[in-house]
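K.L.:
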Amino acid sequence: MYVLLITRSRRHFPPNNFLVKIESYSLLSETGLEYKSDVFEAGGRLSLYPKGIEKTNENGHISLYLGIAETEELPLGWEVNAGFRLFVFDQIRDEYLTVQDGRGGGAIKRFNDLNSEWGFAKFLPLDTFNDVTQGYLVNNCCVFGVEVFVHERTVKRQCLSMIEKPTNSTLTWKIVRFSTLNEERYYSQKFTVEDSKWKLLVYPKGNSTGKNTAISFFLSSCNCIRSEQGVFAEYTLRIRDQLRGKHKEKSAKHWFSTKEEDWGFAEFMPLQDIKDAKGFLVFDTLLVEAEIIVMSKQIDVAENRGPARLAAVNGGPTRFVVGDRGAEEGDDILEILFQIKRLSLYPKGIKKNVMNGHISLYLAITETEELPLGWEVNASFKLFVFDQVRDEYLTVQDAGGGAIRRFNDINSKWGFAKFLPLDTFNDASQGYLVNNCCVFGAEVFVHERSVKRQCLSFIKEPDNSTLTWKIERFSTLNEEYYFSQEFTVGDSTW
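Using the UniProt record's numbering, the first residue of the sequence shown is number 1, and each one after it goes up by one.
Spelled out as C-alpha cells, the structure:
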C-alpha cells in the first residue's frame with residue numbers, strides 16, 4: 001500500500017459510483033476496527049479506519065482507502081488501471097469535500113496483487129471530522145463516497161446503521177442432558193435480532209486450545225451469505241449460574257463474514273468448573289446465553305428523489321445486437337433490461353402514431369408497479385444505431401441538446417417515433433442493417449448507470465430441433481397435466 005499526495009476541493013454534485021451512509025457513527029468508531037463496505041459493481045470497495053490506519057501511525061486522522069475486492073478469485077497477473085476520488089459529505093453546506101491524488105489531479109493508479117488498495121492515511125483530521133460546525137458528522141451520522149474512472153461504472157448506495165441495545169437481543173439456549181452429549185459441536189436453533197439471524201455454537205468437550213479442558217462457546221451469524229462484509233456485533237457470551245446468579249461472562253466484538261461466521265472463545269470456561277456443584281449444571285441442564293449490545297444493519301437504498309445531478313458515461317453507448325427483423329407491423333420485439341431502464345424498439349413504427357415508414361425507438365423505465373408512489377427519474381439520453389460500414393454511430397437526441405426528461409407514472413417512456421426511415425435502415429449501403437444484423441444503443445445521463453450487453457439472435461432450423469416424447473399407457477393417465485423430460489436445442493432447454 002502506497003501513500004498518495006493529497007489535494008482537496010469542494011463540489012455540489014455527489015460521486016458517480018458509490019455512497020455509504022453511516023448512522024450511529026460513534027458506535028462504529030468505538031469498535032476500533034476497520035470497516036469494509038459492500039462491493040460495488042466496478043469490483044471496488046471502501047475501507048474506512050475511524051481512528052486511522054495503525055501501521056502508518058496516523059491516529060490523528062481518519063484513513064480512507066479504495067481497494068479491489070475478492071482478488072483471490074481474479075486470474076494470475078490481474079490488473080486494473082483506474083483514477084479515483086474519495087468524498088465526505090458536508091451536511092451543513094450541502095456539498096462534498098473531494099480528496100484525490102495531488103500528482104496529476106487524480107492520476108491513474110495500477111491495482112494489482114502487489115497494490116490492491118490505494119487511498120489516504122490522512123484523509124481528514126479527527127478534530128475536523130468531529131467538529132459539528134464542519135458538517136461532516138451531524139447527529140452522529142456521516143456519508144462517504146468514491147468515484148472511480150473505469151469503463152463500467154454504476155452507483156450503489158448503502159446505509160450502515162449501528163444499533164445499540166437492539167430489541168430481543170438476548171439469545172438463551174437450554175442444553176439438556178449435557179453430560180451425555182457425544183458430538184464434537186452443537187448449534188442452537190436460529191434466533192432473530194432485528195433483521196439478522198444468529199445461532200449459538202458450543203463444543204461440550206472443547207475445541208482448539210480448549211480441547212478436553214474447557215467448554216468452547218461462540219456466536220454464529222447466519223446472514224453472511226447476504227454480504228461479504230456481513231454484520232458487526234458487540235456481545236456478551238454467558239453461562240448462567242442457576243443457583244447463586246454468579247454467571248460466567250465474556251465479551252467480544254467482531255465483524256462476522258463468510259470467512260469468519262463464528263466468533264467467541266475456545267477456552268470459555270474450564271470443564272471442571274461446570275461439573276463441580278457451583279450452580280452452572282443443574283439436573284444435567286446448562287443454560288447458555290448471548291446478549292447483543294451493539295449490532296450493524298446494512299441496507300442498499302434506492303436513489304432519493306430530487307434535482308438531477310448529471311455525469312457523462314465514458315466510452316461508447318450501451319450496445320445491443322439484434323438479428324432477423326421478421327416481426328409483424330408495430331410489434332415491440334426488443335425490450336432489453338439494463339438496470340431499471342429499457343430500450344423499446346418498434347421495427348415498423350409505433351402503431352398509435354401511425355409512423356409505419358420509420359423505425360421507432362424509446363427509452364423506458366421498467367417494473368414501475370414496484371416503485372414507490374410518486375417515483376420520478378430525471379435523465380437526459382441519446383439513442384444510437386451503429387453504422388457497420390463506416391464504424392461509427394448515428395446519434396439521435398432531443399433537439400434541445402439532450403434536455404432532461406422526467407420519467408414518472410404519467411410518462412415512463414421517452415423516445416422517437418421517427419427514429420430512422422425504414423428505407424434508409426434497410427439500405428445495406430447505409431450500414432445499419434448488414435448481414436441481417438443491427439446494433440442499437442442508449443447513453444443515459446443519470447446517477448445510477450450500468451452497461452449491460454445482450455445479443456438477441458433468431459436461428460432458423462436449429463440443430464436437433466425436433467423434440468419427441470413417447471407417452472406410454474396414455475389411457476391410464478389420471479393427472480391433469482404432465483411434463484416430459486428436458487430437451488436441449490442450442491443453448492436453450494425445453
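All C-beta atoms, glycine included, are put in the ideal place defined by N, C-alpha and C. Computed from a predicted model, the values in this text were never measured in an experiment.
Count the other CB atoms, across all protein chains shown, that sit within 10 Å of the CB of E164; report buried if there are 16 or more and exposed otherwise.
P.N.:
As a position in the sequence shown, residue 164 is number 164, starting the count at 1. By the 10 Å Cβ count, E164 comes out exposed.
K.L.:
Pick out whichever of L286, G415, Y393 and G357 has its Cα sitting closest to the Cα of S380.
P.N.:
On the sequence shown, position 380 is the one that residue 380 refers to. Comparing Cα positions, the closest option is G415.
K.L.:
Specify the secondary structure class of V39 as computed by DSSP and reduced to three states.
P.N.:
By one-based count along the sequence shown, residue 39 stands at place 39. Coil, per DSSP.
K.L.:
Counting along the chain, where does the alpha helix (DSSP H) carrying residue 496 start and finish?
P.N.:
Missing from the structure shown is residue 496; the chain here goes from 1 to 494 and no further.
K.L.:
Would you call the segment 361-380 in contact with the segment 426-434, where contact means no fewer than 3 C-beta pairs closer than 8 Å?
P.N.:
At 8 Å Cβ cutoff, the stretches do not touch.
K.L.:
If we call anything under 7 Å between Cβ atoms a contact, is N17 one with E147?
P.N.:
In the sequence shown, residue 17 corresponds to position 17, counting from 1. In the sequence shown, residue 147 corresponds to position 147, counting from 1. Cβ distance < 7 Å, so N17 and E147 count as in contact.
K.L.:
DSSP state of K470, grouped into three classes?
P.N.:
Here residue 470 refers to the residue found at position 470 of the sequence shown. DSSP places K470 in coil when its eight states are reduced to three.
K.L.:
Just list the residues that DSSP pairs Q100 with in beta bridges.
P.N.:
What you label residue 100 is simply residue 100 of the sequence shown in a count that begins at 1. T7, per the DSSP bridge assignment.
K.L.:
Kindly give me the distance between the Cβ atoms of S169 and E291, rounded to whole angstroms, as I take these residues to be in contact under 8 Å.
P.N.:
Counted from its first residue, the sequence shown places residue 169 at position 169. Counted from its first residue, the sequence shown places residue 291 at position 291. Rounded, the Cβ-Cβ distance is 6 Å, consistent with contact.
K.L.:
Measuring alpha carbon to alpha carbon, tell me which of G210, T172 and S196 ends up nearest E184.
P.N.:
Counted from its first residue, the sequence shown places residue 184 at position 184. Out of G210, T172 and S196, G210 has the C-alpha closest to the C-alpha of E184.
K.L.:
Return helix, strand or coil for T180, following the three-state DSSP convention.
P.N.:
Position 180 of the sequence shown holds residue 180. If DSSP states are grouped into helix, strand and coil, T180 belongs with the helices.
K.L.:
Just the Cα atoms here: how many angstroms apart are L66 and G44?
P.N.:
Numbered from 1 along the sequence shown, position 66 holds the residue referred to as residue 66. Numbered from 1 along the sequence shown, position 44 holds the residue referred to as residue 44. Near 7 Å, if we compare the C-alpha coordinates of G44 and L66.
K.L.:
Over the uninterrupted beta strand (DSSP E) stretch that includes T236, give me the two end residues.
P.N.:
Within the sequence shown, numbered from 1, the residue matching residue 236 stands at position 236. It spans V231 to I239 - the beta strand (DSSP E) in which T236 sits, taken as one unbroken run.
K.L.:
What residue range does the beta strand (DSSP E) around T128 cover?
P.N.:
In the sequence shown, residue 128 corresponds to position 128, counting from 1. No beta strand (DSSP E) contains T128, which is instead part of the alpha helix (DSSP H) from L126 to N130.
K.L.:
Quick one: give me the first and last residue of the alpha helix (DSSP H) that L422 is part of.
P.N.:
Translated into positions along the sequence shown, residue 422 becomes position 422. That run of the alpha helix (DSSP H) goes L422 to N426.
K.L.:
Please identify the residue among Q485, Q189 and T167 whose C-alpha is closest to the C-alpha of I175.
P.N.:
Here residue 175 refers to the residue found at position 175 when the sequence shown is read from its first residue. Looking at the Cα atoms, Q189 is the closest of the given residues.
K.L.:
Indicate the three-state DSSP secondary structure (helix, strand or coil) for L271 in the structure shown.
P.N.:
Stepping through the sequence shown from its first residue, residue 271 is reached at position 271. Correct three-state label for L271: helix.
K.L.:
Does DSSP put S188 in a helix, in a strand, or in coil?
P.N.:
Locating residue 188 in the sequence shown gives position 188, where the first residue counts as 1. Coil, per DSSP.
K.L.:
Alpha carbons only, please: which of L28, T180 and S251 is nearest the one belonging to C142?
P.N.:
Taking the first residue of the sequence shown as position 1, residue 142 is located at position 142. Of the listed residues, the one whose Cα sits closest to C142 is L28.
K.L.:
Check whether the Cβ atoms of F419 and I359 lie closer than 7 Å to each other.
P.N.:
Along the sequence shown, read from residue 1 onward, the residue named residue 419 stands at position 419. Along the sequence shown, read from residue 1 onward, the residue named residue 359 stands at position 359. Against a cut-off of 7 Å, the Cβ pair of I359 and F419 comes out as a contact.
K.L.:
Just to confirm my understanding: we take H247, look at its own chain, exclude 5 residues before and 5 after, and list those with CB closer than 7 Å. What are they?
P.N.:
For the purposes of this step, residue 247 is identified with residue 247 of the sequence shown, where counting begins at 1. Excluding positions up to five away in sequence, the list reads R238, I239, R240 and D241.
K.L.:
I need the straight-line Cα distance from F232 to Y187, nearest angstrom please.
P.N.:
Position 232 of the sequence shown, counted from the start, is the residue given in the question as residue 232. Position 187 of the sequence shown, counted from the start, is the residue given in the question as residue 187. Going by the C-alpha atoms only, they are around 20 Å apart.
K.L.:
Taking just the CA atoms, how far does I68 sit from F40?
P.N.:
Position 40 of the sequence shown, counted from the first residue, corresponds to residue 40. Position 68 of the sequence shown, counted from the first residue, corresponds to residue 68. Near 10 Å, if we compare the C-alpha coordinates of I68 and F40.
K.L.:
Between which two residues does the beta strand (DSSP E) holding K382 run?
P.N.:
In the sequence shown, counting from the first residue as 1, residue 382 sits at position 382. Looking at the DSSP string, the run of the beta strand (DSSP E) that includes K382 is V377 to D387.
K.L.:
Going by the DSSP bridge assignment, what does H358 pair with across the sheet?
P.N.:
For the purposes of this step, residue 358 is taken as the residue at position 358 of the sequence shown. DSSP lists P421 as partners of H358.
K.L.:
Quick check: the segment 262-281 against the segment 190-198, are there 3 or more CB pairs under 8 Å?
P.N.:
Flag = no, the segment 262-281 and the segment 190-198 do not touch.
K.L.:
Per the DSSP calculation, N81 is bridged to which residue(s)?
P.N.:
Residue 81 sits at position 81 when you count from the first residue of the sequence shown. N81 pairs with R110.
K.L.:
Ignore the nearest five residues each way along the sequence and tell me which others in N408's own chain have a CB closer than 6 Å to its CB.
P.N.:
Taking the first residue of the sequence shown as 1, we reach residue 408 at position 408. Here the set comprises E376.
K.L.:
Return the first residue and the last residue of the beta strand (DSSP E) that Y65 is part of.
P.N.:
For the purposes of this step, residue 65 is taken as the residue at position 65 of the sequence shown. First-last of the beta strand (DSSP E) with Y65: H61 to I68.
K.L.:
Since I believe S220 is in contact with N140 (beta carbons under 8 Å), could you give me their beta-carbon distance rounded to a whole number of angstroms?
P.N.:
Taking the sequence shown and counting its residues from 1, the one referred to as residue 140 is at position 140. Taking the sequence shown and counting its residues from 1, the one referred to as residue 220 is at position 220. With 8 Å as the limit, N140 and S220 do not qualify as a contact, their Cβ atoms being about 29 Å apart.
K.L.:
So what's T395 in DSSP terms, helix, strand or just coil?
P.N.:
The residue labelled residue 395 in the question sits at position 395 within the sequence shown. It is a strand residue.
K.L.:
For the beta strand (DSSP E) containing K197, name the first residue and the last one.
P.N.:
For the purposes of this step, residue 197 is taken as residue 197 along the sequence shown, with counting starting at 1. Segment S196 to Y203, the beta strand (DSSP E) holding K197.
K.L.:
Once DSSP output is grouped into helix, strand and coil, what is the label at residue 525?
P.N.:
The displayed coordinates of the chain run from 1 to 494. Any statement about residue 525 would go beyond what the structure contains.
K.L.:
Assuming I215 is part of the beta strand (DSSP E), what are its boundary residues?
P.N.:
Counted from its first residue, the sequence shown places residue 215 at position 215. Per DSSP, I215 belongs to the beta strand (DSSP E) from A214 to S221.
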